[in-house]
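For the sequence shown, the UniProt record's numbering gives the first residue as 1, with consecutive numbering after it. For every residue, glycine included, the Cβ atom is placed at its ideal position computed from N, Cα and C. None of the values given here were measured: they were computed from a predicted structure.
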Amino acid sequence: MREVEIHGRLYQWVKYFLVNRMIQTKKNNGISSKLIQEEGLPQSSSLSCTLFLIFINDLPDVVQAKKTLYADDLVMWHTNKHPGISARLLNEDLDRLQNYCDKWKLKINSSKTVYFVFTKSLRVAKKNIRLSLRGTNLKKEEIPTYLGVKLDRQLALKEHIQDLRGRANKRLQLVKRLASTSWGADKNTLRQLYIGYVRSLMEYNLALQSISCKTNKDLLDRVQSQALHFWRNALHTNSCMRDSYKH
């Protein structure tokens with residue numbers, strides 16, 4: 001905490017919050033004796049996530065390759081026309097990462113640690129690169145997902161946009177069902193449901209979608225077009241219903 005310029009009363013409060021904490025386990029009617037928690041953070045504490053991020057704040061400095069860290073999800077990559085060179089450098093960084101985790105008593109989830117090759121060459125994409133962590137070879141992921149985005153080797157985002165279209169269509173169908181009720185066919189209600197429930201899904205990582213080809217982006221445009229036609233027809237039906245009530 002001092003390395004990130006956290007001092008004064010806040011530092012003292014967090015220090016006393018963590019030091020000499022007692023833990024106890026209960027199972028059925030039995031209760032264990034109390035022990036001092038020498039490592040880790042209190043579970044279910046609202047501060048635990050923030051304190052853990054401060055704890056691993058210097059982790060990116062250990063890795064020499066290009067990297068990005070979002071919460072506890074670390075991605076690192078190396079670019080080279082020779083895959084073997086990239087593999088060797090990444091393996092060296094994996095060793096540094098493991099040493100860092102051993103020093104600070106952290107554990108890497110090997111089952112969720114995978115690798116992927118971004119390339120336009122189909123021959124290179126079919127190659128299996130040997131990347132290992134603590135003697136265990138990492139699994140190659142064909143369509144890796146990072147922060148909810150499905151990636152492919154050419155970054156065309158075809159699978160990601162197709163998945164978005166499918167989920168957006170399901171949500172749009174639900175909005176259509178709500179519009180069939182007496183309270184759901186209101187103009188403002190339909191508009192807010194579409195923007196907050198359907199369109200918000202398609203606008204997730206919108207900047208990244210710009211690198212996709214026009215054919216893929218047209219898939220999402222069709223969903224918006226369907227929503228627009230549905231909205232106009234629903235408003236027309238709602239207007240006719242009100243006119244009939246007046247007569």
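Please determine, among the options, the residue with the shortest C-alpha to C-alpha distance to residue i.
{"i": "D61", "options": "A156, R88 and M76", "result": "M76"}
{"i": "K140", "options": "K126, K15 and G148", "result": "K126"}
{"i": "D221", "options": "E38, R177 and N169", "result": "N169"}
{"i": "K34", "options": "N20, T50 and Q43", "result": "N20"}
{"i": "I211", "options": "L190, S225, E203 and L155", "result": "L155"}
{"i": "I161", "options": "S44, T136, K176 and I143", "result": "I143"}
{"i": "N80", "options": "T119, D93 and N99", "result": "T119"}
Return helix, strand or coil for residue i, following the three-state DSSP convention.
{"i": "M76", "result": "strand"}
{"i": "I143", "result": "coil"}
{"i": "M22", "result": "strand"}
{"i": "G30", "result": "strand"}
{"i": "T68", "result": "strand"}
{"i": "V149", "result": "strand"}
{"i": "L47", "result": "coil"}
{"i": "N97", "result": "For the sequence presented, residue 97 should be read as Leu rather than Asn. DSSP places L97 in helix when its eight states are reduced to three."}
{"i": "D243", "result": "A caution first: D243 carries a pLDDT of 41, below 50, which makes its placement in the model too unreliable to give a value."}
{"i": "N57", "result": "coil"}
{"i": "N205", "result": "coil"}
{"i": "I211", "result": "coil"}
{"i": "N238", "result": "In this predicted model, N238 has a pLDDT of only 46, less than 50, meaning its place in the structure is not dependable enough to derive any value."}
Below 8 Å between beta carbons: does that hold for residue i and residue j?
{"i": "L157", "j": "L201", "result": "no"}
{"i": "residue 249", "j": "L172", "result": "Past the edges of the chain, shown from 1 to 247, lies residue 249, and the structure says nothing about it."}
{"i": "R2", "j": "Y16", "result": "no"}
{"i": "L89", "j": "A65", "result": "yes"}
{"i": "V175", "j": "Y197", "result": "yes"}
{"i": "I36", "j": "M22", "result": "yes"}
{"i": "V14", "j": "N57", "result": "no"}
Out of curiosity, what's the CA-to-CA distance linking residue i and residue j?
{"i": "N233", "j": "E159", "result": "31 Å"}
{"i": "I31", "j": "Q24", "result": "7 Å"}
{"i": "L193", "j": "V117", "result": "39 Å"}
{"i": "Q103", "j": "E39", "result": "With the sequence shown as reference, residue 103 is identified as Lys, and Gln is not the correct amino acid for it. About 13 Å."}
{"i": "R199", "j": "K214", "result": "19 Å"}
{"i": "G84", "j": "I129", "result": "8 Å"}
{"i": "D73", "j": "D186", "result": "42 Å"}
Going along the chain, which unbroken runs of the beta strand (DSSP E) with 3 or more residues stay wholly within the stretch 95-135? DSSP runs (the beta strand (DSSP E)) wholly in the stretch 95-135: none.
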